[in-house]
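In this note's numbering, the protein residues as written are 488 to 781. For glycine and all other residues, C-beta sits at the position ideal for the given N, C-alpha and C. Owing to the predicted nature of the structure, the values given are computational and were not obtained by experimental measurement. Since the structure comes first, as structure tokens, the remarks are kept for the end.
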Ligand SMILES: [Zn+2]
């Protein structure tokens, strides 16, 4: 009877880590039969799920990244089994560093057991560091952006459950990392340094691929929400770039007909918010505005 309440299963086929050769079995989510009840879509394009009576809360995101339980090499499934040849020795050398880096954040973890939110957040954190070793042919920067954002989401979930454990601080930290990597990914793509085309599903969540427009939108959103405000002029310059980029999503006339309405609406709202802040900043820079009391 309890079989029916299972959320995940371990694959019967053994996998082998291409870095340390450890054998392991991958855990996957069972879908269907009322396990997933879609809820609202957040401003940063995360699909929330309603808890079901039978299965409780489900976090589909925590099963996506493949992680070697021995050396903590981690990557998306399409990359995991074929890391670039030149990356393998670096990934091997960094194994101890990876293990040490997750201890202070999560305590002891075990990737041979069914995953919890902690293994989920750690899996994206580990993948983010492992993609440093990948070459531009695999679009590592945009993958790091998605990993940072999903880590931030899962840290928010952890904070809801364990409000005294400072996971809100980590969530903010990873939102800032997401801002950094999305900005880098857009810049590298626009200057031809590194394309984003080798990430199969740009998400950012699992249920829908918002593609390149989604990447542009998230870059603008995180610049607006998490960009540095220390220097007024730099802030204004960063926001102007973000505004021009966001405008590209809905500014192409007929082409926008085929784009998801939800993304177009959110891009327009974001454009308005950025324009409003720029207006305020602009006043200050010209010296026509009184210094704010904040
Ligand atoms: Zn390994």
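CA nearest to the CA of residue i, picked from the options
| i | options | result |
| --- | --- | --- |
| residue 709 | 615, 760 and 542 | 760 |
| residue 860 | 591, 609, 536 and 699 | Summary: the structure shown does not reach residue 860, with the chain confined to residues 488 through 781, and so no result is reported for it. |
| residue 728 | 758, 752 and 717 | 758 |
| residue 614 | 559, 659 and 714 | 559 |
| residue 768 | 583, 689, 719 and 544 | 719 |
| residue 551 | 723, 735, 669 and 630 | 630 |
| residue 604 | 640, 749 and 665 | 640 |
| residue 612 | 580, 549 and 601 | 549 |
| residue 495 | 518, 504 and 502 | 518 |
| residue 656 | 619, 667, 642 and 748 | 642 |
| residue 714 | 696, 668 and 542 | 668 |
| residue 515 | 764, 704 and 601 | 601 |
| residue 529 | 651, 755 and 749 | 749 |
| residue 493 | 635, 541 and 695 | 541 |
| residue 534 | 644, 658, 650 and 672 | 644 |
| residue 756 | 766, 593, 704 and 596 | 704 |
| residue 660 | 638, 694 and 561 | 638 |
| residue 697 | 654, 674 and 633 | 633 |
| residue 539 | 524, 553, 730 and 595 | 524 |
| residue 553 | 505, 764 and 651 | 505 |
Neighbour-count burial assignment, residue i, 16 or more Cβ in a 10 Å radius
| i | result |
| --- | --- |
| residue 610 | buried |
| residue 692 | buried |
| residue 573 | exposed |
| residue 497 | exposed |
| residue 576 | exposed |
| residue 702 | buried |
| residue 724 | exposed |
| residue 580 | exposed |
| residue 676 | buried |
| residue 664 | buried |
| residue 544 | exposed |
| residue 777 | Low local confidence applies: a pLDDT of 39 at residue 777 is under 50, so the model's placement there is unreliable, with the coordinate-based value given in what follows. Its Cβ having fewer than 16 others within 10 Å, residue 777 is exposed. |
| residue 649 | exposed |
Own chain, CB closer than 8 Å to residue i, minus 5 neighbours either side, in chain order
| i | result |
| --- | --- |
| residue 499 | 512 |
| residue 746 | 700, 736 and 737 |
| residue 721 | 715 |
| residue 607 | 546, 548, 549, 550 and 641 |
| residue 689 | 629, 633, 683, 696, 697, 698, 699, 701 and 702 |
Own chain, CB closer than 6 Å to residue i, minus 5 neighbours either side, in chain order
| i | result |
| --- | --- |
| residue 670 | 706 |
| residue 503 | 510 |
| residue 733 | 707, 754, 757 and 758 |
Runs of beta strand (DSSP E) wholly within the segment 534–560 (minimum 3 residues, chain order): Counting only unbroken stretches of 3 or more residues, the beta strand (DSSP E) elements lying wholly within the segment 534–560 are 534–537, in sequence order.
Stretch-stretch touch, CB-based, cutoff 8 Å, three pairs: the segment 565–583 with the segment 698–716: Touching, no, given that fewer than three Cβ pairs across the two stretches are closer than 8 Å.
Whole alpha helix (DSSP H) elements within the segment 690–768, 4-residue minimum: If only complete runs of 4 or more residues are kept, the segment 690–768 shows the alpha helix (DSSP H) at 698–713 and 719–737, in order along the chain.
Inter-stretch contact (C-beta, 8 Å, three-pair minimum) for the segment 685–705 and the segment 621–628: With the cut-off at 8 Å, the segment 685–705 and the segment 621–628 touch.
Given 8 Å, three or more beta-carbon pairs between the segment 584–594 and the segment 675–682: By the Cβ rule, the segment 584–594 does not count as touching the segment 675–682, because fewer than three pairs are nearer than 8 Å.
Contained alpha helix (DSSP H) runs [length at least 4] in the segment 606–671, N- to C-terminal order: Listed in chain order, they are 627–648.
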